[in-house]
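Here's the structure we're looking at; comments come further down.
There are 2 protein chains.
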Amino acid sequence: MFSVPTRTQYGIRALVHLAMSEARSSTSAEIAKAQSISPKYLEGILGQLKNSGLVLSERGAHGGYRLAREPEAIRMLEVVEALEGEVKPVGCLEDSVHCDFDVGCLPRRFWSGLKETIDEYFASKTLKDVIET
Amino acid sequence: MFSVPTRTQYGIRALVHLAMSEARSSTSAEIAKAQSISPKYLEGILGQLKNSGLVLSERGAHGGYRLAREPEAIRMLEVVEALEGEVKPVGCLEDSVHCDFDVGCLPRRFWSGLKETIDEYFASKTLKDVIET
DNA sequence: GTTATTCCTATCGGAATGCTAGGAATATAG
DNA sequence: CTATATTCCTAGCATTCCGATAGGAATAAC
């Protein structure tokens, strides 16, 4: 249960790779090979990270990707949300949705608490934390 | 992300229903109607909860389901694992699996920490907590 | 203008999810 | 002993999501 999609796992591995490649930019193909990720699939993932402002890219020959900020300034919550969207265990946590079961949707708080717990964990970790252990 | 399967949501709603029905046992159909859950689908879910020892059942006319223990003695971690199996964000957390990327699977600790965080949350809550908001 | 790269869009097979169907087993009531 | 109410078991099915692939357009360096 709660398995993390490969999309997110790959995205994080790519960020780790970039963080460890220091200043120089890496190409998508290079990262894919080093991390054993399907090259074309990774392209799309890097595109997402770019659109979220976590990485910068340069096109054309000698192009590639690099981190937009220092690893310690990249919170993992941002990363996860960039790749898979907000953590939302159950649909009824949205304000717009209203639960009206006879018991009054008691589990709502339970799920809400789970979301907060997970969000806090992600928010408390930076890319630097992931690398340094 | 991290959306909880309806199976688990329904299972918990069913347990809440049983907990609030006190001593008397409820039929699957009764719970399904009260909680707006597909009757046949719920039957299977209750079967799982029964096989895990969380609820007791009686067959035949006047049969039904009831909690196997007091709500305060039912930890939500048990419930979740009964319905969906162990929390396991990424496959490489198993001992048998070995990661050998060039970066040495640095994110492993990160995912391991996530699993612990989620498990602790579930383990810290009982069915009684869920009911009492 | 050739080459290396990002970027965009479309597609696809397989697995999981959520649900349905049918009926067998079992207990109670009369 | 029959009718009825219920759990229990197995199979199947439609849809969606996931992971991956394909082809090529845009762009930049040399």
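Protein sequences, first through last, are from chains A and B.
In my numbering, each residue carries its 1-based index in the first sequence increased by 1.
In my numbering, each residue carries its 1-based index in the second sequence increased by 1.
Just so you know, even glycine gets a beta-carbon here, dropped at the ideal spot from N, CA and C.
Asked, Found
"Does the region 49-56 of chain A come into contact with the region 65-72 of chain A, if we say contact requires no fewer than three beta-carbon pairs (one atom in each stretch) closer than 8 Å?", "yes"
"Which residues mark the beginning and the end of the alpha helix (DSSP H) in which residue 22 of chain B is found?", "No alpha helix (DSSP H) contains residue 22 of chain B, which DSSP labels as neither H nor E."
"For the alpha helix (DSSP H) containing residue 57 of chain A, name the first residue and the last one.", "Unbroken run through residue 57 of chain A is the beta strand (DSSP E), 56-59; no alpha helix (DSSP H)."
"If you draw a straight line from the C-alpha of residue 123 of chain B to the C-alpha of residue 77 of chain B, how long is it?", "5 Å"
"Between residue 32 of chain B and residue 132 of chain B, what straight-line distance do the alpha-carbon atoms span, to the nearest angstrom?", "16 Å"
"So that I know if they touch, is there some Cβ in chain A lying closer than 9 Å to that of residue 4 of chain B?", "yes"
"Kindly indicate the opening and closing residues of the beta strand (DSSP E) around residue 107 of chain A.", "Run containing residue 107 of chain A: none; DSSP gives neither H nor E here."
"Is the CB-CB distance between residue 46 of chain A and residue 15 of chain A below 9 Å?", "yes"
"Can you round the beta-carbon distance between residue 88 of chain A and residue 3 of chain B to whole angstroms, since I take them to be within the 8 Å contact cut?", "5 Å"
"Residue 89 of chain B touches chain A at which residues, Cβ-Cβ below 9 Å?", "2, 3 and 4"
"Ends of the beta strand (DSSP E) at residue 1 of chain B?", "Residue numbering for chain B in the displayed model covers 2 to 134; residue 1 of chain B lies beyond these limits and cannot be assessed."
"For a quick check, are the C-beta atoms of residue 115 of chain B and residue 17 of chain A less than 9 Å apart?", "no"
"Strictly below 9 Å CB to CB, what residues from chain A border residue 25 of chain B?", "Ordered by position in chain A, no residue passes the 9 Å Cβ test against residue 25 of chain B, which lies about 16 Å from the chain."
"Smallest Cα separation from residue 5 of chain B: which of A/91, A/127 and A/28?", "A/91"
"Between which two residues does the alpha helix (DSSP H) holding residue 77 of chain A run?", "77-85"
"Pick from B/128, B/9 and B/28: whose alpha carbon is nearest that of residue 60 of chain B?", "B/28"
"Give the C-beta separation of residue 65 of chain A and residue 26 of chain A to the nearest angstrom, bearing in mind that I take them to be a contact with Cβ-Cβ under 8 Å.", "4 Å"
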